[in-house]
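Quick note: the sequence shown uses this note's numbering, first residue 2, plus one each step.
Ideal placement from N, C-alpha and C gives every residue a C-beta, glycine not left out.
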Amino acid sequence: MIKGEWNYIRHNRLILISVLAIMFIPFLYCIFFLKSVWDPYGETGKLPVAVVNQDQAVTYQGQKLNVGDQTVTNLKKNHQLGWRFVSAKTAADGLKHHKYYTVITIPKNFSANAATALDTHPKKMTFSYKTNGSANYIAQVMSEVGSDKLNSEIRAKVTKAYAQATFKQIYAVGKGMNKAAKGSAQLKDGTVTLTDGLNTYTTGVHKLNNGLQQMKTSVTPLATGIQKLSTGSATLQGGLAKYTAGVDQYATGVDTYTSGVGQYINGVNTYTNGVSQLSAGMPKLTAGASKLASGSANLKTGSYQYVDGVYQLNSGVKTLNSGASDLANGVSALASGSSSLNSGLSTLKGNSGALTAGVNSLATNAQQLSDGVKRLGNAADEILVDVNGNGTESNPGISTSLNSLATGLQQISSGATQASDLAKKASQLAQEENEANQSSNTTSSNTTASGSSDSNVTAAQSAATVASSTAAALKSAAKADNSSEVAALADKLATETATAKSSADSISSTNDANNTTTTTVTTTKASAELVALTAKVSQANLTVSQGLTTVLTELNSMDASTTISGLTAFANAVKQLDTQVNGGQTTLVSGVNTLAEGVGSYTSGVQKAFEGSTTLNNGLVTLDKKVPTLTGGVTKILDGSAKLVTKGKSLKSGAKKVSNGASALNSGLQTAATGVNKLNANTPKLTAAGAKLNANTPKLTAAGNKLMSSSNQLNQGAAQLSSGLTTLNSKVPTLTSGVNQLAAGSQQLDDSSAKLMAGANKLQKGNGKLAKSLKSGADEINAQPLTSKTADMFAAPTHLKHESYSYVPNYGHALAPYVLSVALYVGALVFNFAFPIRKVSMAGGSATGWYLSKVSIGAFEALAMGLIEPALMMLGGLSVDHPGSMFLVSVMFAEASMFIVMFLSMLLDNPGRFIAMVLLMLQLGGSGGTFPMEVTNHFYNVVHPFLPMTYSILGFRQAITSGMSGMVGQAFWMLLLFMVIGLALLWPTMIWLQKKHLMGLSQLDDNQKLQAVEDPESNSHS
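Here it is as C-alpha cells:
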C-alpha cells in the first residue's frame, strides 16, 4: 500500500503540486513575517518624535544657562529616534493625526528650575512626553525608552554644570582660606599686642577704680561741706541784712543828730542798739564765713570731680544719641499697635450694650423659669403622696391598690376555673344518674340545673379572663405614664369586673337549686358524688364572688386619671430639677445675677480699657510727634555736654578762685568781728564823746554815707553767694550719684579684668590654631584635581558595561525560533487539510498497510519541510551558529507536529483538525516564544512543559545564537517522545477506523456537496 500511495500522488498532478507547494509554506511564512520585523530597534531613527522647546534662558552665577537649546542641539546629533523640532500647535496636531507617535515638551521654566539646585527650596526640572499608544504600543515603548535616555543625558549634563560651578566655588574657598590664614596670622600678632595693651589697661583700670572708690568716699564729706557752706551763707546773708539795717539806723541817727541836738540822745541810743545788734550778729557771720571757706575748699575738689563727670556725661550722651533713632522707630511701631488696640476695644465697647441687654433679658427669664420650676416641685410633692400613699387605709397608694387588684383577679380566675371543672363533672354525674334510675323528672331537673350551672360558670370564667387581661393592660399603661389610657382601662375593668360578679352570683343561685334537687334524687353513689361536686362548685363560686367584690372595691376607691398624672419618676425628676434650680448655695437666679454683675464689670472694664487705650494712643501719638524733639534735644545735650567739656578748665579755675576768695573773706570777717567788738566796747565812750561827735558831725555823715554804699554791695555779694551755693547744693546729689555709678562701673571693670585677660590668652591660642588649620585646609583644597573629568565623574559616576553570554544580532534572530516553529506546525496543518489523509490507495488492504502508507508520505513531507525551511532561511540572511543542530531540531519538530495533527485528523476528521488548530493557539501563548514565561499567565506556565513547541523553540535558540547549552539534546528527546506518541496513537486509530468501515471516508470528500443549495422541503442538499 505504500507503493500505491506514492503512485497515487505521482499520477495526480493536483495532489503532487499541493504536496510540493506545502513543503515551502513554512519558509514563506517565516520569510514574510520575520522580514517585516527583522530589525525594528535598528530603525528607531525613522520613528517620528516631536520635540517642542519652550525653554527660556536664564543667568546663573554670571553665566547664561539655556538647557533647552543645549538639549535640542544634542538631539540633532542623536539618531536613536526621528526627532522633529516643531511648535506646540504642530506637535499636538501631528499627534492627533498619527504623524508623531510621541510629543516631548521642554517647558519655559526648564533652565530657571535648573538654576535653583543650590536654593533653599530647589525645583525639579520637569519635561513631559505625551504618547498615543493606540497608534502603536511598541512605538510608545520605544519613545519611553528614548525619553528615559534623554532624561538621563540631561541629568548628567546639568549635574556636570553644577559640579563645575561648585568646583569654582571650591577654588574660591581655597583662595579665601589662604587669605584667611594670612589674616589669622596677623590676627595672632595683633592678639599679642592686644594682650600687652590689656595688661596696661587692667593696671590702669585698677588704679582708676582705687581713685574712684576714694572719690566715692570723699563725695559724702563734700556734700556735707557744701550743705554747711550753704547754711553759713544763709546765716551770713541774714547777718549782713542786720548789719545793713544797723548801718541804715546809724545813718538815720547821724541825720537826726545833725538835724538837732535835741535828737542827739535818741540817735546815740539808736547807734548803740545798732552796734549791739552788729556785735551780736558778728559771731554768726564769722562762723558762716568759716564754713564758707571750708565749703569753698570742698567746692574746689568737687568741681574737679564734676568736670571729670562732665567728660563721662559727654561720652554717655554720644551713646544715647546713637540709640535715639531706634527709639523713634520703636515709638512709631508702638503708636501703630496702640491704634489697632484702640480700634479693637472700640468694637468691644460697641458690642457691650447688646451683651448687657441680653444678660438683663436672661436674668428676667431666669426668675420666671425659677418660679415655674418651684411650682412644678410643689406639684411633684403632691403627686408623690398620691402615688406612694400616706400610710392610711384611705390612701394606701396606687402600687398597693394595683397589687390588691391583681390578687383579686387571680382569685377570680382560679375560682372560675374550678367552677367550670366542677360543673362539667356534675353534668356527667347527672347523666349517669339518669341512666341508672330511669327517673325522668329527677334527671331532667338535674340535667337542666347542671347545664345552667355550666353555662354560668363558663360566662364567669370568660368575664374573669377578660378582666384579668384588662388589669394587666392597666398596669402596663400605668408604668408607661399614659394617664388617658389608664383612665379608659380603669373604667373598662370596672365594667368587666361587674359582669364577672353577676356571672358568679348566677352560678351561686344555680348551685342552691342543685342542692335542692339533689335531696330528691335517689341516694345512689352517683348522687352522692353529685352532691359533693355541687358543694365544691358553690364554694368556688363564693371565691369568685369574693375576688370580684375585692376588685370592685379597689377600682371604686381609685381615681386613676388623677393619680397616674403624677407618676413617681416624673415627680422625682421635677423635684431634682427644683433642687438644682432653686436649692443649694448657688441658684439659677443668683448665678444669672452674678453673670449680669460680671457682664457689667466686663463692660465697665471694656469702657475703662477703651478710655485708657484712647489716652495711651493719644499719648503715643503725642510721644511719636515729640520724638523728633527728643532726638533734637539729645543732639543739643550732646552739643551742650561738648561745650561743658570745653568749659571744664574754666570751671576748675573759677572754683579755685572762689576757694581763695572765701578764705580772704573769712580772714576779713575775723578782722571785722574784732573791730565790732572794739566798737561795742567803746559805745559808752561814744555817748560821752557826743559833744565831740557833734563837732565832728560832718565827718560822721560822710562816713555813714560811705558805709551805706558799702553795705549795699555787701548785700548783693552775699545774695549772689547764697544763690550760687544753693544751686551747687542742689547739684550735689547728681554729682554723688554720678560718682557712685563711676565707682560701680570701675569696680565691674576691675573685677572683669582677670576674665578679660583669660579670654585674650584663649583668643591668642585660638588664633594660632585657626591660622594653622586654615593654612592646612587651604593646602588640601588647592591640592584637589577638580578638572572637567572630575565634573564628568560627578555627573556620571557609573559606566554600564555589557557583556554578551550569547549574541543575538537583531529582533529577527530573536523571534526566528518562535516563527520557525509556528511555520512548521502550520505546514503540518495545511498538509492534513489539503491531502486526503483517510483515502485508501488500494482496496482490500490491511490497516497496518494503510498506516504505513500514510506514515511514509507524512514523514517525507515533514522531512522536506524540516530541511527546506532552515536552508532557505539561512540563504535569506538568518545567521546560525550550529547549522547541524538547526536541521536536527527542525526535522524533529516537523515530524512530531505532522504525526500529532495526522492522528487528530485521522481520529476525528474535521473536528480533529479544529482541535489541532486549538493546539496551535495554545502553543502560541504557552511555548514562551515572545515573552519570558515568568511574566506570562499562570495557566500557560502550567501547560508550558507539555507543549512540543516549547522544546523546539529552546533547541532553535541554541542552534541559532547559542547560550542555551544542552537544549538541543533535550529538544531532540522530547520531540522524539511526542513523535512516538503520535505514531503510537495513530496506528490503533486506523485499525479502529477499519473495523468501523470508515477507511477512505472523510468529511473533506463532501465539501463540494456542502456548498450546494439546500432543499427547503427535505432539508437536504440537492
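Outcome for Thr348 when other beta-carbon atoms lying within 10 angstroms are tallied against a minimum of 16: Taking the sequence shown and counting its residues from 1, one reaches residue 348 at position 347. Flag for Thr348 reads exposed.
Close-in-space but distant-in-sequence residues of the same chain around Val52 (CB under 7 Å, 5 per side omitted): Reading the sequence shown from its first residue, position 51 is the one you call residue 52. Cβ within range, chain order: Val73, Leu76, Trp84, Arg85, Phe86, Ile105.
Would Thr623 be called buried (16 or more neighbouring beta carbons within 10 Å of its own) or exposed? To locate residue 623, count along the sequence shown from 1; it is residue 622. Under this definition Thr623 is an exposed residue.
Under DSSP, the alpha helix (DSSP H) around Phe832 begins and ends at which residues? Within the sequence shown, numbered from 1, the residue matching residue 832 stands at position 831. First-last of the alpha helix (DSSP H) with Phe832: 812 to 835.
Mapping DSSP to helix, strand and coil, what is Leu15? Against the sequence shown, residue 15 aligns to sequence position 14. Judged by DSSP in its simplified three-state form, Leu15 adopts helix.
Note down the Cα distance separating Val831 from Asn54, rounded to an integer number of angstroms. Along the sequence shown, read from residue 1 onward, the residue named residue 831 stands at position 830. Along the sequence shown, read from residue 1 onward, the residue named residue 54 stands at position 53. Their Cα atoms are separated by approximately 55 Å.
Buried or exposed, going by whether 16 or more other CB atoms sit within 10 Å of the CB of Leu21? Walking along the sequence shown from the start, residue 21 turns up at place 20. By the neighbour-count rule (16 or more Cβ atoms within 10 Å), Leu21 is not buried but exposed.
Quick one: using the 10 Å Cβ neighbour count with 16 as the cut-off for buried, is Ala960 buried or exposed? Against the sequence shown, residue 960 aligns to sequence position 959. Ala960 comes out buried.
Candidates Gln717, Pro933, Gly760: which alpha carbon is nearest Ala815's? As a first step, residue 815 must be located in the sequence shown, where it is residue number 814. Nearest of Gln717, Pro933, Gly760 to Ala815, Cα basis: Pro933.
Segment contact, 8 Å Cβ cut-off, at least three pairs: the stretch 960 to 971 with the stretch 980 to 997: no
So, is Val919 buried or exposed, given that buried needs 16 or more other C-beta atoms within 10 angstroms? As a working mapping, residue 919 is identified with position 918 in the sequence shown. Exposed.
State whether the stretch 861 to 878 contacts the stretch 820 to 837, with contact taken as three or more CB pairs (one from each stretch) at a distance under 8 Å. The stretch 820 to 837 and the stretch 861 to 878 touch, with three or more beta-carbon pairs separated by less than 8 Å.
For chain D, check one thing: does any of its Cβ atoms lie closer than 7 Å to the Cβ of Asn911? Going by chain labels, chain D is absent from the structure shown, which holds only one protein chain.
Expressed to the nearest angstrom, what Euclidean distance is found between the alpha-carbon atoms of Ile16 and Pro837? For this step, residue 16 is matched to residue 15 along the sequence shown. For this step, residue 837 is matched to residue 836 along the sequence shown. Rounded to whole angstroms, Ile16 to Pro837 spans 9 Å at the Cα level.
Bounding residues of the alpha helix (DSSP H) (the contiguous stretch that carries Gly83): Residue numbering aside, residue 83 sits at position 82 when the sequence shown is read from its first letter. Looking at the DSSP string, Gly83 is not in any alpha helix (DSSP H); the run it does join, the beta strand (DSSP E), is 83 to 86.
Spatial neighbours of Asn768 within its chain, please: C-beta separation below 7 Å, excluding the five flanking residues on both sides. Here residue 768 refers to the residue found at position 767 of the sequence shown. Leaving aside the five residues that flank Asn768 on each side, the residues in its chain whose CB is nearer than 7 Å to its CB run, in chain order, Ser185, Leu188, Lys189, Thr192.
Please report the straight-line C-alpha distance between Ala897 and Tyr812, rounded to a whole angstrom. Here residue 897 corresponds to residue number 896 of the sequence shown, with the count starting at 1. Here residue 812 corresponds to residue number 811 of the sequence shown, with the count starting at 1. Near 27 Å, if we compare the C-alpha coordinates of Tyr812 and Ala897.
DSSP puts Pro49 in a beta bridge; with which residues? Residue mapping note: residue 49 aligns to position 48 of the sequence shown, counting from 1. DSSP output for Pro49 lists Gly83 as bridge partner(s).
Under DSSP, the beta strand (DSSP E) around Ser129 begins and ends at which residues? Taking the sequence shown and counting its residues from 1, one reaches residue 129 at position 128. First-last of the beta strand (DSSP E) with Ser129: 129 to 132.
My understanding is that Pro27 touches Ala824, with C-beta atoms under 8 Å, so please give their C-beta distance in whole angstroms. Along the sequence shown, one-based indexing puts residue 27 at 26. Along the sequence shown, one-based indexing puts residue 824 at 823. Under the criterion of beta carbons closer than 8 Å, Pro27 and Ala824 qualify as touching, at roughly 4 Å.
When the Cα of Ile982 is compared with those of Ser731, Met903, Gly930, Ile954, which residue comes out closest? Here residue 982 corresponds to residue number 981 of the sequence shown, with the count starting at 1. Among Ser731, Met903, Gly930, Ile954, the Cα nearest to that of Ile982 belongs to Met903.
Within this structure, are the beta carbons of Leu984 and Met968 separated by less than 7 Å? For the purposes of this step, residue 984 is taken as residue 983 along the sequence shown, with counting starting at 1. For the purposes of this step, residue 968 is taken as residue 967 along the sequence shown, with counting starting at 1. No; because the gap between Cβ atoms is not below 7 Å, this pair is not in contact.
What did DSSP end up calling Lys648 once you bin it into helix, strand or coil? Counting from 1 along the sequence shown, the entry for residue 648 is found at position 647. Three-state result, Lys648: coil.
Enumerate, from N- to C-terminal direction, the unbroken alpha helix (DSSP H) stretches of 4 or more residues contained entirely within the stretch 736 to 780. Qualifying alpha helix (DSSP H) stretches: none in this window.
Could you have a look at Val59 and say whether DSSP puts it in helix, strand or coil? Along the sequence shown, read from residue 1 onward, the residue named residue 59 stands at position 58. Correct three-state label for Val59: strand.
For a quick check, are the C-beta atoms of Thr728 and Ser231 less than 7 Å apart? Your numbering for residue 728 matches position 727 in the sequence shown. Your numbering for residue 231 matches position 230 in the sequence shown. Going by C-beta atoms, Thr728 is not nearer than 7 Å to Ser231.
What number of angstroms, rounded off, separates the C-alpha of Ala246 from the C-alpha of Val628? As a first step, residue 246 is located in the sequence shown; it is residue number 245 there, counting from the start. As a first step, residue 628 is located in the sequence shown; it is residue number 627 there, counting from the start. About 54 Å.
Gly331 versus Asn661 - alpha carbon distance: Taking the sequence shown and counting its residues from 1, the one referred to as residue 331 is at position 330. Taking the sequence shown and counting its residues from 1, the one referred to as residue 661 is at position 660. Using only the alpha carbons, I get a separation of about 52 Å.
Using CA atoms only, rank isn't needed, just tell me which of Pro949, Ser88, Pro818, Ser291 is closest to Gly930. Your numbering for residue 930 matches position 929 in the sequence shown. Here the closest residue by C-alpha is Pro818.
Decide yes or no for the touch test of the stretch 876 to 884 against the stretch 907 to 926: beta carbon pairs closer than 8 Å, at least 3 of them. no
Leu119 - containing beta strand (DSSP E), residue span: If you number the sequence shown from 1, residue 119 lands on position 118. It is not in any beta strand (DSSP E) - Leu119 carries neither H nor E in the DSSP assignment.
Using a threshold of 7 Å, state whether the C-beta atoms of Val590 and Ser353 are closer than that. Start at 1 with the first residue of the sequence shown, and residue 590 comes out as number 589. Start at 1 with the first residue of the sequence shown, and residue 353 comes out as number 352. No; because the gap between Cβ atoms is not below 7 Å, this pair is not in contact.
Looking only at its own chain, which residues have a Cβ that is under 7 Å from the Cβ of Leu209, when we skip the five neighbours before and after it? In the sequence shown, the residue the question calls residue 209 occupies position 208. Once the five neighbours on either side are set aside, the close Cβ partners of Leu209 are Ser747.
Check each candidate in Lys285, Ala298, Gly859 and name the one with the smallest Cα separation from Gln671. Position 670 of the sequence shown holds residue 671. With distances taken between Cα atoms, Gln671 lies closest to Lys285.
Does DSSP classify Lys653 as helix, strand or coil? Taking the sequence shown and counting its residues from 1, one reaches residue 653 at position 652. Here Lys653 sits in helix by DSSP.
Quick check: the stretch 231 to 240 against the stretch 287 to 301, are at least 3 beta-carbon pairs closer than 8 Å? yes
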